[in-house]
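2 protein chains.
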Amino acid sequence: MASIDANPPSGTRDFLPAEVSRREHAFATIRTAFQRHGFEPLDTPAFERLEVLTGKYGEEGDQLIFKILRRGEHETTGEADHALRYDLTVPLARVAARYGSQLPTPFKRYQIAPVWRADRPGKGRYREFFQCDVDTIGSDSAVADASTIVAVADVLDALGLAGFTVQLNSRQALAGLIEAYGIPPQLADSTLVGLDKLDKIGVDGVAAELRDRGVAADAVEALVTDLGRDDLADAIRERLIANDVGRAGLAEVDQILDLVGEVPGGRVSYAPVMARGLSYYTGPVFEVVHEALDTTIAAGGRYDGLVGMFQGQDVPATGGSLGIERILLLLEQAAEGTPAPGPDVLVTVMDDAGAADAFATAGRLRRAGYTVDLYSGGGSRKLGKQLKYADRRAVRVAVIRGADERAAGRVTVKHLASGEQATIDDAGLEDHLAGLLGR
Amino acid sequence: MASIDANPPSGTRDFLPAEVSRREHAFATIRTAFQRHGFEPLDTPAFERLEVLTGKYGEEGDQLIFKILRRGEHETTGEADHALRYDLTVPLARVAARYGSQLPTPFKRYQIAPVWRADRPGKGRYREFFQCDVDTIGSDSAVADASTIVAVADVLDALGLAGFTVQLNSRQALAGLIEAYGIPPQLADSTLVGLDKLDKIGVDGVAAELRDRGVAADAVEALVTDLGRDDLADAIRERLIANDVGRAGLAEVDQILDLVGEVPGGRVSYAPVMARGLSYYTGPVFEVVHEALDTTIAAGGRYDGLVGMFQGQDVPATGGSLGIERILLLLEQAAEGTPAPGPDVLVTVMDDAGAADAFATAGRLRRAGYTVDLYSGGGSRKLGKQLKYADRRAVRVAVIRGADERAAGRVTVKHLASGEQATIDDAGLEDHLAGLLGR
């Protein structure tokens, strides 16, 4: 038994206290911000019946679903009947089908929860990781699309990630762009995949890629000329107003730009070649890029075809997803070196006879509003050992009361960062702590 | 596709927004209270390698473990290599083995997390349910045992469940009791199981059960005489001081009673025949009974043999577990009829032209500290529909601004519970809301 591998399973993580505290703090910030925008929390089981999940994520996705063996007499068959949640969208679709009439319309929900994928584990790629989704179902209005963007922006701002850009586009505007440059419909998706790489591979890279994908030389030429312009967005706007679908797409983008106004902590702008996945979205799409960090931290859009999957009808839906694991990593890096705050006070226990007194002191300080640890180790009660423990727990102040102090109605208070200590009258303890701890 | 069963898997639950809010609120209260006592949060993966879990819960428990199929090329073998977490204790033991030297000694942790068991679902019995554990590992001191009780009591008090009794006993005192009544060692466990039922089946029931279990008539007679006494605890104390192990057990109980003093919201007393499970515990044991509700809401004790399972050595450990699903049910029943609070404000959208104005108003009220929903439905913008939505969301105040009001710099504010409404100058909106919403 002693030889068992004590690591968590490959691709999963244990979170020790400091990390749990930081993650919980971020989750609480996100919840508060979404609620400030009228979104409600939802929670669903970790596993679903197998047939709810299979066939929803393509062949490759199906391979990554963790399947759970049937229990009881059927166990020996090796058959699976359940599977771990793979994302938060399919469970939302099931909830919409199950509770439709009990939910408000539109239904605005967020969910922060782990999902599981049997992916090959790698740097920053886990088999258990959190997703953070916000969605509005049952509304086809641009008001719902804009509300997502405003809420996501506010969440990022609340997390201390101001300085981002929301890049906005629409599937219709992209369809208009394909038409405007005379690209044949069968090359549309392929062309958009190429264009979407502009930020990564530059104009020349895109040109090469489009040629490789079979786009005619004159279309590539026209596109590349515009892609090289400083006023790219204006250039594309000019092209789009020449066709119906392009005009409709631009109107959709402009309506959302008008609604969102100044979003907290960032700015929203039209990103004419940002395509954001191809099969999933049906309307406006957005991507939130943190410029200083040069990374996408959230994304979303309208996907009217998905949520109705269990109802046999389209249900309009629009939403976004925060790259929460990436965001947590950024916050973790930003917090590097600043230890998670520990308890305000450690009450030491100097001898068995003083233990009940220590409990009474700890209770009194908790009632005064402090977080108070009480040294509960056995064996030697050496002060040095207890102070080392206090240091490890990032405790701010140690309260020490040996037999002499108890007899004299006194107490010693040691501020751990400065090392300063004072022995005071017991009755003055709360006032003294208020001075040391700033309240 | 439309015909799929949209219910959550048997034995699991979807939590709709009002319920998530209540559960999250309870979890937050518990976290805060445990932290106030110096306990730290820990989080571990939902699944473990199969060999970490098997053989830890007895044959019956092993049958209830949800096993996860190997992925990739091995899938077709029907073999399992992982399994869903069955409790929070085995993962704690693994964490202790893996990170021992990185953790403070003693290590005081709490964990609130779901576990999964393939039990036959029934009323109040789920296949996915939360556990809430608090444990101190690495201390053999009664200070640690008492700290658990004080923290658990404070948590229950913070949850609004005051009026409980902590029934305290110790495995040593129980061993002394067996000796004091001359019960042969091979009948010890069986006798304690019988005695533990006193509250349920009464003195006569216990007598019959002990006779059935083969306890000699004179021992049953002696026990039954004491069990019938009003001063049962004192009677048993008198018996226990006659033998060494009994005296040691009483000393352990009395030391803890001395340390815990007056616990918040309840009282602690010696419960001489409370046995609290047999194989698991090695020292003091406790059970928290809510008297008005006539139910056990928490329990725990010292279990020095378990946490070291992966280290090949005993690691002293003591802790407790809140019956969190039962507690959530009690809180849910208590909250029945009081709807979960919704957003402070709904900003209506009366027409497309007023949508950007509605976003601006919503943003302004969020900055003033209110939670603000904005009606994001498509189709008809009839006020009645929006007010019905507001009612469903338990919104407190609707802010309405049609074209006429916008032109006149006015806004209508409707208090939904009273139905009262007023049209005021836009500039006075925050002041007016402060009056209506009490801040």
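Going down the list, the protein sequences come from chains Y and X.
Numbering of the first sequence is given in the numbering used here, commencing with residue 97 and proceeding in unit increments.
Numbering of the second sequence is given in the numbering used here, commencing with residue 97 and proceeding in unit increments.
All C-beta atoms, glycine included, are put in the ideal place defined by N, C-alpha and C.
- For D390 (chain Y), the closest C-alpha among the options Y:R109, Y:H511, Y:R205, Y:D295 is that of Y:D295.
- Across the stretch 479-491 of chain Y, CB contacts with chain X closer than 7 Å involve Y485, R488, R489, in sequence order along the chain.
- Nearest to L323 (chain X) by alpha-carbon distance, out of X:G345, X:A367, X:G256, X:A284, is X:A367.
- When 8 Å is used as the limit between beta carbons, E144 (chain Y) is near these residues of chain X: P104, P105, in chain order.
- For V302 (chain Y) and K293 (chain Y), the gap between their C-alpha atoms comes out near 7 Å.
- If you look at H386 (chain Y), you'll find it in the beta strand (DSSP E) that goes 380-386.
- Within chain Y, the residues P104, D110, F111 have their CB atoms less than 8 Å from the CB of T140 (chain X), given in chain order.
- In this structure, F123 (chain X) sits away from Y206 (chain X), with a CB-CB distance that is not shorter than 8 Å.
- With contact defined as three or more Cβ pairs closer than 8 Å, the stretch 414-433 of chain X and the stretch 451-463 of chain X are not in contact.
- Contact with chain Y is found for P439 (chain X), since one of that chain's Cβ atoms lies less than 8 Å from the residue's Cβ.
- With a contact defined as Cβ atoms closer than 8 Å, I496 (chain X) and L512 (chain X) miss out at about 11 Å.
- Beta bridge pairing from DSSP links T519 (chain Y) with Y:T508.
- By the neighbour-count definition (other C-beta atoms within 10 Å, threshold 16), G534 (chain Y) is an exposed residue.
- Neighbourhood of H178 (chain X) in chain Y, by CB distance below 7 Å: P105, in chain order.
- Closest by C-alpha distance to K152 (chain Y), out of Y:V403, Y:V248, Y:E275, Y:Y222, is Y:V403.
- Looking only at X:P437, X:G278, X:D308, X:D253, the smallest Cα-Cα distance to R363 (chain X) is reached by X:D253.
- Three or more Cβ pairs drawn from the stretch 242-260 of chain X and the stretch 129-144 of chain X lie within less than 8 Å of each other, which places the two stretches in contact.
- Nearest CB-CB separation between K163 (chain X) and chain Y: below the 8 Å threshold.
- DSSP, reduced to helix, strand and coil, places F162 (chain X) outside both helices and strands of the structure shown, so it counts as coil.
- With a threshold of 8 Å between beta carbons, E432 (chain Y) makes no contact with chain X.
- Look at the beta carbons and you see the stretch 135-154 of chain Y touching the stretch 176-189 of chain Y: at least three pairs across the two are nearer than 8 Å.
- I393 (chain Y) is a Cβ neighbour of L418 (chain Y), given a cutoff of 8 Å.
- By the C-beta criterion, the stretch 192-206 of chain X is judged to be in contact with the stretch 397-413 of chain X, since at least 3 inter-stretch pairs fall below 8 Å.
- For the C-beta of I126 (chain Y), not a single chain X residue is nearer than 8 Å; the gap to the nearest is close to 12 Å.
- Within the stretch 115-170 of chain Y, the runs of beta strand (DSSP E) at least 3 residues long that lie entirely inside it are, in chain order, 143-145, 163-165.
- The beta carbon of F406 (chain X) sits closer than 8 Å to some beta carbon of chain Y.
- For secondary structure counted as the beta strand (DSSP E) over 3 or more consecutive residues, the stretch 184-208 of chain X holds no complete run.
- By the criterion of at least three beta-carbon pairs nearer than 8 Å, the stretch 464-484 of chain X is in contact with the stretch 221-240 of chain Y.
- When only Cα atoms are considered, N265 (chain X) and G342 (chain X) end up about 11 Å apart.
- Secondary structure note for V495 (chain X): its beta strand (DSSP E) is the uninterrupted segment 493-496.
- For D231 (chain X), the enclosing beta strand (DSSP E) stretches over residues 224-233.
- Within the stretch 404-449 of chain Y, the alpha helix (DSSP H) runs of at least 4 residues that lie entirely inside it are, in chain order, 420-431.
- With a threshold of 8 Å between beta carbons, P435 (chain Y) makes no contact with chain X.
- Taking a contact as a CB-CB distance under 8 Å, the pair R502 (chain X) and D521 (chain X) does not count as one, their CB atoms being some 13 Å apart.
- In this structure, F135 (chain X) sits away from I245 (chain X), with a CB-CB distance that is not shorter than 8 Å.
- I393 (chain Y) sits in a strand when the DSSP states are folded into three classes.
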